[in-house]
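The sequence shown begins at 143 in our numbering and counts up by one. Virtual Cβ for every residue (Gly too), placed ideally from N, Cα, C.
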Amino acid sequence: MADGAGKFRGRRALFWHAGYKIHVHCTGDLGLELALDVLEKLQFEKPRVNHRFTIEHLGLSRPEQIRRMKDLGALASVNIYYLHELSEFMRAKRWATARAHTMARAGTLSRHGIAFALHSDYTMAPAQPLNSAWVAVNRKNVAGDIVGPEERVSVEQALRAITQMPLMCWDWNMSWHAPARQAC
143 MADGAGKFRG RRALFWHAGY KIHVHCTGDL GLELALDVLE KLQFEKPRVN HRFTIEHLGL
203 SRPEQIRRMK DLGALASVNI YYLHELSEFM RAKRWATARA HTMARAGTLS RHGIAFALHS
263 DYTMAPAQPL NSAWVAVNRK NVAGDIVGPE ERVSVEQALR AITQMPLMCW DWNMSWHAPA
323 RQAC
């Protein structure tokens, strides 16, 4: 693991020092911890403002990791469909209910003021942004259960997360996308 972590950090450092925006795929809390450790080290070596280091997916996380994301200036692009499609299966087969029901912590991100987008990760989930927004607002899984209601976001937040916020995560010029700005 240590060797893998070193390689991971080294590859990120190359791009960090060159000024690139870095997006890291994290579906579990251990992977998220590694990504945040790397971000912290990179910020220590070469501090950057508005670096847009983005955590992709954010399947499982712990509340203290979300706080750490805020402290380090990380963003998130959340695959909210993990909650809809997998939370019941994971609860039944692998994890405690609380862990399965807090997948894709959009509400916690929002409460901490962390910018986040929603994505589908097609083909893992339907390429239907409004469906992703619906899941973020309702937190209803395939069994029809409401799970992790404290992680819900408002309709406005969900719409922003499928329109404006993806542009922000990628640092695309918002003026090019006036319809996306006006949708919210």
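With distances taken between CB atoms, is the gap from residue i to residue j smaller than 9 Å?
i: E198; j: C168; result: yes
i: L184; j: R154; result: yes
i: V220; j: A177; result: no
i: R251; j: A275; result: The sequence shown places Leu at residue 251, rather than the Arg named in the question. Going by C-beta atoms, L251 is not nearer than 9 Å to A275.
i: L214; j: L181; result: yes
i: W158; j: R190; result: yes
i: M245; j: Y264; result: no
i: G170; j: G201; result: yes
In the structure shown, what three-state DSSP assignment does residue i receive?
i: A160; result: coil
i: L202; result: coil
i: R302; result: helix
i: R210; result: helix
i: D313; result: coil
i: K188; result: coil
What does residue i pair with, by DSSP beta-bridge criteria?
i: V166; result: I197
Suppose the cutoff is 6 Å on Cβ atoms and the five residues either side in sequence are ignored; what does the same chain contact list for residue i look like?
i: R297; result: Correcting the residue identity first, residue 297 is Val in this sequence and not Arg. Cβ neighbours of V297 beyond the five flanking positions: V279.
i: E187; result: none
i: V289; result: S229, H243, R281 and N283
Suppose the cutoff is 8 Å on Cβ atoms and the five residues either side in sequence are ignored; what does the same chain contact list for residue i look like?
i: K163; result: H193, R194, F195, T196, W312 and D313
i: E175; result: Q207
i: I256; result: I208, M211, K212, A216, L217 and A218
Among residues of its own chain, excluding the 5 on either side of residue i, which ones have a beta-carbon nearer than 7 Å to its beta-carbon?
i: A248; result: V220, I222, F258, A278, E293 and V295
i: A322; result: Its pLDDT being 49, under 50, A322 is placed unreliably by the model, and nothing is read from it.
Item checked: Start-end ranges of the alpha helix (DSSP H) lying completely within the region 212 to 289, minimum 4 residues -> 223 to 235, 239 to 243, 248 to 253 and 271 to 280
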